[in-house]
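Notes to accompany the following structure.
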Ligand SMILES: [Ca+2]
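In our numbering, the protein residues as written are 33 to 594.
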């Protein structure tokens with residue numbers, strides 16, 4: 033297989049259920065994705081990561097898989113998927129499928145056999161003896177409550193780190209590892225070019241399971257004892273070393289992420305990792321359900337720490353703001369009203385010119401905003417409706433709880449893709465499963481495709497720049513102006529080439545002393561019409577609200593295609 037260049041690539045995440053509905057049932061589907069391949073090719077993205085569309089009871093949004101090699105009828109058929117793979121290839125786009133290998137749905141045939149007392153399949157999961165009122169350990173599920181469920185007729189408990197319908201697989205059993213390799217080989221033979229692995233750093237549990245006296249149990253199974261060994265084996269035995277692979281890492285550490293992604297290590301693991309620390313800078317005391325203004329100092333620290341350490345030890349990161357579990361970034365760190373366009377472009381600039389592979393979540397490229405629902409009836413996400421009740425029980429008013437949901441709910445990222453200004457935003461001929469935000473009348477693909485200064489056109493240029501400028505894909509990174517909390521600024525270098533990137537994170541004008549700036553630099557890209565030096569003498573830059581200025585020296589070819 034041809035080795036994939038993921039460093040100059042941009043990866044586009046499709047939340048299948050909300051991307052495009054092809055048959056009027058209000059749910060996005062595989063044939064909807066096929067209809068939009070021209071758009072995606074024109075945008076310039078290299079890979080599509082599709083969230084799971086496999087057979088599932090949908091208790092966790094398809095991340096509870098009942099059959100890894102069958103398509104849930106809601107999304108289409110195997111023929112549709114094969115056609116998508118084939119047509120994407122003719123558009124120059126590779127597909128990445130989402131492998132949820134930490135657990136299966138309890139509706140999976142393996143678990144059903146286990147429930148019948150079949151020892152072979154009981155050993156696919158993590159069952160422990162015990163009394164009905166005493167779970168084997170005090171570990172907590174990430175969705176709340178104890179992480180064990182009792183099965184009365186077996187007199188045993190099974191482990192579920194997530195929902196009770198998501199039973200953790202026993203990776204210590206070689207038969208389980210072989211089964212999962214078969215899944216990889218199945219999709220590889222269908223022509224897939226990459227894989228995303230869900231919460232893959234949780235797959236290896238310790239041999240002896242014990243109570244956690246200081247936490248919820250995660251310290252025992254996060255980046256667990258055999259995780260690197262199992263990943264190496266999976267990658268080697270399925271021959272996916274040269275494919276694009278990304279692991280979602282839960283509560284991980286920098287050192288482990290370097291091991292997961294360093295290509296020089298003897299045994300290859302993944303191309304890159306997702307980690308999430310930078311998306312908690314607006315959590316009050318780490319609590320998602322308490323609002324706090326974003327801490328830009330912390331944001332800068334996290335980018336600096338991770339980027340520099342990954343560079344030094346030759347690891348590789350996915351760089352991203354949005355996914356199907358996160359609110360929209362322009363509403364979160366930008367300004368989705370007065371400076372909507374400027375701030376959306378600034379946030380794009382921040383990550384697309386960094387060291388790492390940028391991920392773009394559907395709708396981010398047109399500056400889609402949070403949903404702004406004003407009634408609880410509009411929400412569909414079970415986490416949101418659960419926490420609404422919890423917040424009311426904890427004494428918050430309905431208005432306060434709705435305000436928090438309007439900023440934090442996962443539904444903010446799941447509203448239908450806004451294709452047009454027409455009814456249902458052109459997403460469906462029927463009624464969408466989740467209400468379309470009212471702002472689709474002016475935030476939509478059709479409109480932005482026609483406007484030269486749109487967010488959409490800006491994203492296209494950034495994606496193109498990464499392909500044209502080796503310095504963006506391969507250059508070194510160093511951070512500048514660390515003392516100025518309103519500005520995220522960094523320098524990329526490759527041989528004699530230099531690139532300077534300045535981003536004003538705030539709605540206030542900032543004056544920046546710039547010793548690093550000499551006369552060799554000229555404007556490469558930015559989100560205002562031009563750029564301003566305060567004066568030649570004191571080498572200062574003026575950054576207007578949410579302004580991004582990207583300057584390249586004369587060694588960098590600045591003749592970019594529009
Ligand atoms: Ca549909």
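Heads up, the beta-carbon is just placed ideally off N, CA and C, and yes, glycines get one too.
This one's a predicted model, so the numbers in the text were calculated from it and none came from an experiment.
With DSSP as the reference, label residue 412 as helix, strand or coil. coil
Euclidean distance between Cα positions of residue 189 and residue 48: 34 Å
For residue 178, which residues in the same chain have their Cβ closer than 6 Å to its Cβ, ignoring the five residues on either side in sequence? 167
Residue 287, enclosing alpha helix (DSSP H) - first and last residue: 286 to 293
At which residues does the alpha helix (DSSP H) containing residue 339 begin and terminate? 328 to 344
Could you pull the start and end residues of the alpha helix (DSSP H) that residue 157 belongs to? Run containing residue 157: none; DSSP gives neither H nor E here.
How close, in whole Å, do the beta carbons of residue 149 and residue 78 come, if the pair is a contact with beta carbons under 8 Å? Contact flag wrong, Cβ pair sits at about 48 Å.
State the Cα-Cα distance for the pair residue 388 and residue 338, rounded to the nearest angstrom. 11 Å
Do residue 336 and residue 218 come within 7 Å of each other at the CB atom, strictly closer than that value? no
Tell me whether residue 581 sits in a helix, a strand or coil according to DSSP, three-state version. strand
Let me check one thing: in DSSP terms, what residues is residue 319 bridge-paired to? 316
Would residue 332 pass as a contact of residue 440 if the rule is Cβ separation under 7 Å? no
Contained beta strand (DSSP E) runs [length at least 3] in the segment 374 to 456, N- to C-terminal order: 389 to 393
Can you name the start and end residues of the alpha helix (DSSP H) that residue 212 belongs to? 206 to 221
Can you find the residues in the same chain that come closer than 7 Å, C-beta to C-beta, to residue 109, ignoring five residues on each side of it along the sequence? 103
Using beta-carbon positions only, say whether residue 470 and residue 536 come within less than 7 Å of one another. no
Within a Cβ cutoff of 7 Å, which residues of the same chain sit near residue 375, ignoring the five residues on either side of it in sequence? 362, 366, 367 and 578
Grab the span of the alpha helix (DSSP H) containing residue 81 for me, first residue to last. Run containing residue 81: none in the alpha helix (DSSP H); it sits in the beta strand (DSSP E), 79 to 82.
Can you grab the Cα-Cα spacing for the pair residue 573 / residue 348, in whole Å? 31 Å
Under 6 Å Cβ to Cβ from residue 452, same chain only, skipping five residues before and after it: list those, please. 458, 476 and 478
Spatial neighbours of residue 57 within its chain, please: CB distance less than 7 Å, with the 5 preceding and 5 following residues excluded, ordered by chain position. 462
Which same chain residues, not among the five before or five after residue 539, have their C-beta less than 7 Å away from its C-beta? 367, 371, 577 and 578
Verify whether the separation of the beta carbon atoms of residue 132 and residue 230 is less than 7 Å. yes
Anything with a beta carbon under 5 Å from a heavy atom of ligand 1 counts; list them all in chain order. 53, 55, 57, 59 and 61
On the three-pair Cβ rule with 8 Å, is the segment 251 to 271 touching the segment 116 to 130? no
Closest to residue 240 by CA distance: which of 296, 360 and 204 is it? 204
Decide if the segment 276 to 284 is in contact with the segment 221 to 236; the criterion is three or more beta carbon pairs, one per stretch, under 8 Å apart. yes
Segment contact flag, the segment 516 to 524 with the segment 410 to 428, C-beta cutoff 8 Å, min 3 pairs: no
Straight-line Cα distance separating residue 417 from residue 195: 16 Å
Pull up the distance between the alpha-carbon of residue 261 and that of residue 303, whole angstroms please. 16 Å
Quick check on the DSSP output: what are the complete beta strand (DSSP E) runs of length 3 or more inside the segment 56 to 124, in order along the chain? 79 to 82 and 99 to 103
Name the residue from 294, 191, 221 and 207 whose alpha carbon lies nearest to the alpha carbon of residue 249. 191
Indicate the three-state DSSP secondary structure (helix, strand or coil) for residue 505 in the structure shown. helix
Where residue 198 falls: helix, strand or coil (DSSP): strand
Taking the alpha helix (DSSP H) that residue 306 falls in, what are its first and last residues? Counting along the chain, residue 306 falls outside any alpha helix (DSSP H), though it belongs to the beta strand (DSSP E) covering 304 to 306.
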